[in-house]
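Mapping the sequence shown onto the numbering used here, position 92 (from 1) lands on 100, and the numbers just tick up by one.
Please read the structure below before turning to the comments.
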Amino acid sequence: MEREHNLVPEDKLWKRFLYRIIYRSDTRLGKLFDIILLSLILASTAIIMMESVPQLDKRFHYTFVILEWIISIFFTAEYSMRIAVIKNKRNYIFSFFGIIDFLALVPFFLSFFFPITKYFLIFRMLRMLRIFRIFNLLDFMNDGYLIVRALRNSSRKIYIFLLFLIIFSVIVGSLMFMVEGGRQGFETIPQSIYWAVVTVTTVGYGDVSPITPMGKFFAVVLMLAGYSIIAVPTGIVTAEMRNKRQNLEMVCDRCGNEDIDDDARYCKQCGKKLA
9 MEREHNLVPE DKLWKRFLYR IIYRSDTRLG KLFDIILLSL ILASTAIIMM
59 ESVPQLDKRF HYTFVILEWI ISIFFTAEYS MRIAVIKNKR NYIFSFFGII
109 DFLALVPFFL SFFFPITKYF LIFRMLRMLR IFRIFNLLDF MNDGYLIVRA
159 LRNSSRKIYI FLLFLIIFSV IVGSLMFMVE GGRQGFETIP QSIYWAVVTV
209 TTVGYGDVSP ITPMGKFFAV VLMLAGYSII AVPTGIVTAE MRNKRQNLEM
259 VCDRCGNEDI DDDARYCKQC GKKLA
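Structure below.
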């Protein structure tokens with residue numbers, strides 16, 4: 009979201025009062041509101057889980073429905089107030105938390121027409137991310153952003169690795185189809201590719217296994233390759249995270265730019281000489 013002075017309402021005193029409660033957690037009422045919000049999120053999640061258990065749903069169905077109505081009405085009112093009291097409404101609606109708040113409400117109203125969609129209310133758990141702001145744990149959020157940036161910057165390497173893995177699985181699966189001679193579990197090439205993917209990822213369901221000596225040899229090679237393959241994306245992301253962590257320690261004093269190369273002598277945005 010934007011800077012606070014672009015969000016705080018300026019016209020009405022009651023809007024500023026509600027804004028302090030809803031968006032901030034530095035007051036007693038604000039802290040209480042956030043704790044109630046988190047408690048209702050946990051309660052709603054627990055209700056959705058219990059509704060999926062036939063014995064519990066049969067015994068407490070109407071209780072679950074009433075509680076879910078109460079919680080959803082509260083979330084609807086809370087979402088409406090968030091939009092009403094903020095200065096730039098568009099900024100909140102299309103922000104990360106704004107989209108999550110909206111997605112937390114949509115399944116409830118869709119369930120009027122498609123009952124199965126009520127289980128999508130489990131997305132309300134995403135609203136628990138506010139716990140970092142409520143309990144002053146923003147440093148953890150910064151670490152989360154570091155991981156996201158590392159994944160984004162290493163995405164091209166990961167895509168190449170996944171392409172290689174797909175080609176490798178298709179080739180091995182086709183070979184297993186020929187070696188096993190269409191036996192159970194290897195009747196077709198797609199079924200053999202399924203076995204190859206399960207094996208190379210070291211999942212090993214055990215529902216399909218080769219029986220010929222050559223097939224078992226290929227399986228051993230594939231399983232050993234799986235352990236080394238797993239280490240590749242881990243090493244890529246870890247190296248990128250280490251580089252990003254080093255770069256984050258360098259910040260331009262003039263413009264606040266954090267995207268600074270390791271060997272940079274001047275800021276790429278404002279041209280200031282780095283210390």
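Every residue gets a Cβ at the ideal spot worked out from N, C-alpha and C, and that includes glycine.
Since the structure is predicted, the reported quantities are computational estimates derived from the model, not experimental observations.
How about residue i and residue j: do their beta carbons lie closer than 8 Å?
{"i": "Gln76", "j": "Leu45", "result": "The displayed chain sequence assigns Glu, not Gln, to residue 76. No, they are not a contact pair."}
{"i": "Gly234", "j": "Thr207", "result": "yes"}
{"i": "Met184", "j": "Ser200", "result": "yes"}
{"i": "Leu134", "j": "Ile108", "result": "yes"}
{"i": "Ser80", "j": "Phe121", "result": "no"}
Return the CA-CA distance between residue i and residue j, expressed in angstroms with no decimal places.
{"i": "Tyr127", "j": "Phe83", "result": "16 Å"}
{"i": "Thr53", "j": "Phe68", "result": "16 Å"}
{"i": "Met272", "j": "Gly243", "result": "The residue asked about is misnamed: residue 272 is Ala in this sequence, not Met. Going by the C-alpha atoms only, they are around 25 Å apart."}
{"i": "Arg98", "j": "Ser47", "result": "28 Å"}
{"i": "Phe176", "j": "Gly193", "result": "19 Å"}
{"i": "Ile238", "j": "Ile219", "result": "26 Å"}
{"i": "Gly181", "j": "Val187", "result": "10 Å"}
{"i": "Ala31", "j": "Val114", "result": "Sequence inspection shows Tyr at residue 31; the Ala mentioned does not correspond to that position. Their backbone Cα atoms lie some 22 Å apart in a straight line."}
{"i": "Lys281", "j": "Met89", "result": "47 Å"}
{"i": "Ala158", "j": "Arg191", "result": "44 Å"}
{"i": "Leu129", "j": "Asn96", "result": "27 Å"}
{"i": "Ile94", "j": "Lys20", "result": "11 Å"}
{"i": "Lys224", "j": "Arg164", "result": "34 Å"}
{"i": "Val240", "j": "Phe172", "result": "12 Å"}
{"i": "Ile29", "j": "Arg132", "result": "20 Å"}
{"i": "Ile174", "j": "Ser236", "result": "16 Å"}
{"i": "Phe102", "j": "Tyr70", "result": "35 Å"}
{"i": "Leu64", "j": "Arg36", "result": "37 Å"}
{"i": "Phe110", "j": "Ile124", "result": "18 Å"}
{"i": "Gly214", "j": "Val178", "result": "19 Å"}
{"i": "Tyr202", "j": "Leu170", "result": "15 Å"}
{"i": "Leu137", "j": "Phe104", "result": "11 Å"}
Going by other Cβ atoms of all chains shown within 10 Å of its Cβ, with 16 needed for buried, is residue i buried or exposed?
{"i": "Asp42", "result": "buried"}
{"i": "Ser60", "result": "exposed"}
{"i": "Met57", "result": "exposed"}
{"i": "Ile78", "result": "exposed"}
{"i": "Leu26", "result": "buried"}
{"i": "Glu10", "result": "Per-residue confidence for Glu10 stands at a pLDDT of 43, beneath the threshold of 50, marking its modelled position as unreliable; no derived number is given."}
{"i": "Trp22", "result": "exposed"}
{"i": "Asp34", "result": "exposed"}
{"i": "Gly106", "result": "buried"}
{"i": "Leu230", "result": "buried"}
{"i": "Phe226", "result": "buried"}
{"i": "Ile55", "result": "buried"}
{"i": "Tyr100", "result": "buried"}
{"i": "Cys260", "result": "buried"}
{"i": "Ile49", "result": "buried"}
{"i": "Cys275", "result": "buried"}
May I ask you to report which of helix, strand or coil DSSP gives residue i?
{"i": "Tyr27", "result": "helix"}
{"i": "Tyr274", "result": "strand"}
{"i": "Lys281", "result": "strand"}
{"i": "Thr35", "result": "coil"}
{"i": "Lys66", "result": "helix"}
{"i": "Lys20", "result": "coil"}
{"i": "Ser162", "result": "coil"}
{"i": "Val240", "result": "helix"}
{"i": "Ser60", "result": "coil"}
{"i": "Phe83", "result": "helix"}
{"i": "Phe131", "result": "helix"}
{"i": "Phe122", "result": "coil"}
Taking only runs of the beta strand (DSSP E) that begin and end inside the stretch 170-229, which ones reach a length of at least 3 residues, in chain order?
-> none
Which ranges does the alpha helix (DSSP H) cover as unbroken runs of at least 4 residues, wholly within the stretch 86-119, from first to last along the chain?
-> 97-101, 104-111 and 114-118
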